[in-house]
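Numbering (this note's numbering), first residue to last: 4 to 280. Note that the Cβ used here is the ideal one computed from N, Cα and C, for glycine as well.
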Ligand SMILES: N[C@@H](CCC(=O)N[C@@H](CS)C(=O)NCC(=O)O)C(=O)O
């Protein structure tokens, strides 16, 4: 029996739901409304002391961190295998989860926040805002959050977000060119599933082509992904029409600014020179 604590449109919840769908699992969903600060409710903190979604209870044990939830599911329900058995390929698969956990997750929070949630937070009550800021225990996370709240796309954290996506898409293009159809080759793996929600969010914000307009292999991967039944069941189907509308409405407002930032990152990359041996 799986109990899955989630919030509809959260990227890390989508990742775990795609994994569960790929394996044909059934689960009971419990909504933790992040806009009502339910992630900080004392009962929920007993399950996930980090005060974030997702969390999963399986056989009475709480499992947190979406990357670990997906790996746990693959260990416990090995069909179909989403972690390659080959040790080298496993390291390749984990490089993609590291890319998400060490860059894209923060990146998409910054981009989504500056496009949509910033405005929502500005319109929330001073009490709700106060709880939000007070409960960011980690100093770096607090600085990031405040910076994007105050500066929007002018926050340096949005530039870092754009740069992380730039690197990720270039790596995807390289991995998929002349190979594929999936990131590790023939078989779909957690490498692909890790990336899907982070690409999908940009798509729904109307911003994806800012990065991938000239990356044909990534575009083909994205077309394939959109046909995948587990992607549809785990990400598309649970989305509410108003969430889709909100993304489509607010994303394009920051498009020009993001295009400028991509240009800045590209010229920085162009200055990179390997040191001759
Ligand atoms: N590394 C964590 C990140 C979890 C995370 O940041 N979740 C977001 C939603 S995608 C959240 O719950 N945010 C609530 C908050 O920041 O208060 C994971 O992958 O599970």
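Close-in-space but distant-in-sequence residues of the same chain around residue i (CB under 7 Å, 5 per side omitted)
i: residue 99; result: 186, 194, 197, 198
i: residue 36; result: 10
i: residue 201; result: 14, 103, 107, 111
i: residue 167; result: 106, 107, 110
i: residue 247; result: 207
Per-residue DSSP class, three states only, for residue i
i: residue 259; result: helix
i: residue 64; result: strand
i: residue 190; result: coil
i: residue 32; result: strand
i: residue 38; result: helix
i: residue 173; result: helix
i: residue 13; result: coil
i: residue 49; result: helix
i: residue 369; result: The structure shown does not extend to residue 369, since the chain is modelled only from 4 through 280, so no value can be given for it.
i: residue 274; result: coil
i: residue 198; result: helix
Strand pairing of residue i, partner residues [DSSP]
i: residue 5; result: 61
i: residue 185; result: 188
Reference residue i, options the options, closest by Cα
i: residue 203; options: 180, 230, 179, 188; result: 230
i: residue 16; options: 234, 253, 251; result: 234
i: residue 190; options: 130, 79, 78, 92; result: 92
i: residue 27; options: 146, 159, 84, 125; result: 84
i: residue 18; options: 241, 237, 270; result: 237
i: residue 95; options: 246, 65, 209, 178; result: 178
i: residue 119; options: 133, 150, 155; result: 155
i: residue 38; options: 220, 55, 32, 101; result: 55
i: residue 169; options: 20, 265, 66; result: 265
i: residue 43; options: 137, 270, 252; result: 137
i: residue 171; options: 182, 240, 101; result: 101
Residues near residue i by beta carbon distance below 6 Å, same chain, minus five either side
i: residue 147; result: 160
Item to check | Complete runs of the alpha helix (DSSP H) confined to the segment 79 to 164 [at least 4 residues] | outcome: 90 to 102, 108 to 115, 121 to 125, 129 to 137, 142 to 154
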